[in-house]
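Residues in the sequence shown are numbered consecutively from 8, following our numbering.
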Amino acid sequence: MKTQNTIIGLILCLNLQAQVPADTTSNPILHNYNQNLVALSAGNERQNILPGGLEKPVPAVTTAHSQSIAPISEENTYGAFMTAGLFATTDGTVPFWMRSRRFGSIPADGLSASIIAGAHKEYDNTPNQLFAWGAGVEARFNAASNSELILIEGYTKGRLGVFQLKAGRFRETTGLVDSTLSSGAFSVSGNALGIPQIQIGFPDYWDVPLTNGVFALKWSLVHGWMGTYTINDDDGNLRLETYLHQKSIYGRLGKPSWKVKFYAGLNHQVTWGNEKQIYPSWGLSNFETYKYVFLGKAYGTSSIPESKVGNHLGSIDQAMEWDMKSVLFTGYHQFFYDIGGLAKLSNAKDGLWGISLKNKSPKESSWQWQKFLVEFLYSKSQGGEVDSKPRPSGAEDYYNNFLYYEGWSYQGENLGNPLFTTKKYIQEGYPAKSYQYYPNNRLMAFHGGADFSVYDWQCRALLTYSVNWGTYSTSPAERSLGDRIVYHDPPYFPEINQFSALVETRKPLRNGFELGLQFAIDQGDLLYNSVGGGVTLTKRW
């Protein structure tokens, strides 16, 4: 009966589009003015999204962060919006691309209704302005069998010259990837809710003096509050307040006017806090502990195994942008680091590769493409092959951590690339270690995305196919510390395939309204098979 009700609800949702009159003269309703390459920034600025996922075409090199649709434009200093939506999914499961990279703004499973509302003040564009301020708030209410109210954003920010101070919860991504169509950056992809934080840095690229604009930098430094996390102790009952340390620095080689520009940088994230409660013999002061966290130094005593303080991870990124006559070409790559194998190049095979093509010269026609993207993600190596070279550290175990059970997650959702699967979403029955929150982090994925328009409908399509191998702990053998090879007992994680897809569209109506539709499907052996869809109606002021 539940499944039957869900299917009926989905049909009702999709039929609602016929009841809303169209107005081809209205402007598209946009929220947070999404931009092309998130990471060609330090990765920390507000984006423009609609409740479904599309954005207005914009320049490629920006500081944006988002993939989802909403209705406010940074072209206006002040803005507000409200969205009403009806959603239907397979009972118990929201399809992958309906829940992934949505900054925690996710519908309930089954048949549900949602109200999403927000308002913001952006920096004004007064020339030579020394000081400016902004603020924003956005919330979502899901009416379902388990209703919930979610604060998506609540922040304030101020800018003094090139410096920015920002505090609260806000949308962000970190890493050189396409901000709208990517499967997600390794470090912070915009998959989970934003972590409450205080952030300082340069939000835009700053021309280094004496270089005549040829070289520019941007950076950020963050302290965040992640809430309580489970510590992997003997009984598993210890939960402690945990903090986020994050920093990033990115450089641009080439003037903004140049046809070809290069970008590179790195980011560093650490989960840490309350070490004295974890280890009673902890010998560092709070300030000394933070210094070890900041520098990534190892600490140990006769009773505490030597290790880095906290759970460290990040990526080292490179990108190239070629501004051709009618197409903007962008290519990018990310190296991953977790335990430290990248220092020995033991996991250099792993990474994220992407190519984006953006149409600079759209023509008047019934069909028009705006952007195409292809990505390849590989994380099977992790430096753990039995024939790999000996090294001080063992195999990587992306997003898992021996101390923090939830690993690299926030409020149950993956902070990084969502193709790395948590216990929350994987099908039951596969082998998994009790201390690992991510039972699947060895995978190979092919991902594609497209933004295009058909008549007055602005559309987006995402297609993802992955092959998955679990973790090294559920494989027959792995290279461990030094020249040790560790053999594991069965059962072993099998090679399994997964396919996920999304199609969504939006259309402007009369009087500032906009209609949105979406449909998603999951088929395979990793995630539960599911379908889902929804209809939204947005009003912007």
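Just so you know, even glycine gets a beta-carbon here, dropped at the ideal spot from N, CA and C.
By DSSP, does W415 sit in helix, in strand, or in coil?
Three-state DSSP puts W415 in coil, outside helix and strand.
Could you pull the start and end residues of the alpha helix (DSSP H) that K356 belongs to?
That residue, K356, is in no alpha helix (DSSP H); it is neither H nor E in DSSP.
If you draw a straight line from the alpha carbon of D135 to that of G165, how long is it in whole angstroms?
It should be pointed out that residue 135 corresponds to Asn in this sequence rather than to Asp. When rounded, the distance between both Cα atoms is 15 angstroms.
With F322 and S194 assumed to form a contact (beta carbons below 8 angstroms), what rounded beta-carbon distance in angstroms separates them?
Inspection of the sequence shows that residue 322 is occupied by Ser rather than by Phe. Right, the Cβ-Cβ distance comes to about 5 angstroms (below 8 angstroms), so this counts as a contact.
What is the residue span of the beta strand (DSSP E) that V221 lies within?
Counting along the chain, V221 falls outside any beta strand (DSSP E), and DSSP gives it neither H nor E.
Should I528 be labelled buried (16 or more other beta-carbon atoms within 10 Å of its own) or exposed?
Per the 10 Å Cβ criterion, buried.
Keeping to the same chain, check which residues put their C-beta closer than 6 angstroms to that of D345; ignore five residues upstream and five downstream.
So the qualifying residues of the chain are L320, E403 and Y405.
Using the three-state DSSP reduction, which class does F453 fall into: helix, strand or coil?
DSSP places F453 in strand when its eight states are reduced to three.
Report yes if the CB atom of R486 is closer than 9 angstroms to the CB atom of G519, and no otherwise.
For R486 and G519, no; Cβs fall outside 9 angstroms.
Taking the alpha helix (DSSP H) that E155 falls in, what are its first and last residues?
Careful: E155 lies outside any alpha helix (DSSP H), inside the beta strand (DSSP E) at E155 to L167.
Hey, could you find the ends of the beta strand (DSSP E) T545 is sitting in?
Its beta strand (DSSP E) spans residues S537 to R547.
May I ask you to list the residues that DSSP assigns as paired with V461?
Answer is W374 and W464.
Using a Cβ-Cβ cut-off of 6 angstroms (strictly less than) and excluding sequence neighbours within five positions of K378, which residues of its own chain qualify?
Around K378: K365 and D458.
Can you list, in chain order, the residues of its chain whose CB lies under 6 angstroms from that of A468, leaving out five sequence neighbours each side?
Correct list, in chain order: A457 and V510.
Comparing alpha-carbon positions, which option in E435, Q389 and K304 lies nearest F342?
Answer by Cα proximity: Q389.
Taking buried to mean at least 16 other C-beta atoms within 10 Å of its own C-beta, is H230 buried or exposed?
So H230 counts as exposed.
Quick one: using the 10 Å Cβ neighbour count with 16 as the cut-off for buried, is G540 buried or exposed?
Result: buried.
I'd like to check one pair, G280 with Y247: are the Cβ atoms closer than 9 angstroms?
Note that residue 247 is Leu in the sequence shown here, rather than Tyr. Cβ atoms of L247 and G280: closer than 9 angstroms.
Distance check for E129 and L544, CA to CA, integer angstroms please.
Looking at the two C-alpha atoms, the distance is approximately 24 angstroms.
According to DSSP, simplified to helix, strand and coil, what is N39?
With a pLDDT of 28 at N39, under the threshold of 50, the predicted position of this residue should be treated as unreliable, and no value is reported.
Pick helix, strand or coil for A350, following the three-state DSSP scheme.
Of the three classes helix, strand and coil, the one that applies to A350 here is helix, per DSSP.
Contact check, Y444 vs E413 under 8 angstroms by CB: the rounded distance?
At roughly 5 angstroms, the Cβ-Cβ gap stays under 8 angstroms, so Y444 and E413 are in contact.
Can you tell me whether S373 is buried or exposed, with buried defined as 16 or more other CB within 10 angstroms of its CB?
The residue in question, S373, is exposed, as its Cβ has fewer than 16 Cβ neighbours within 10 Å.
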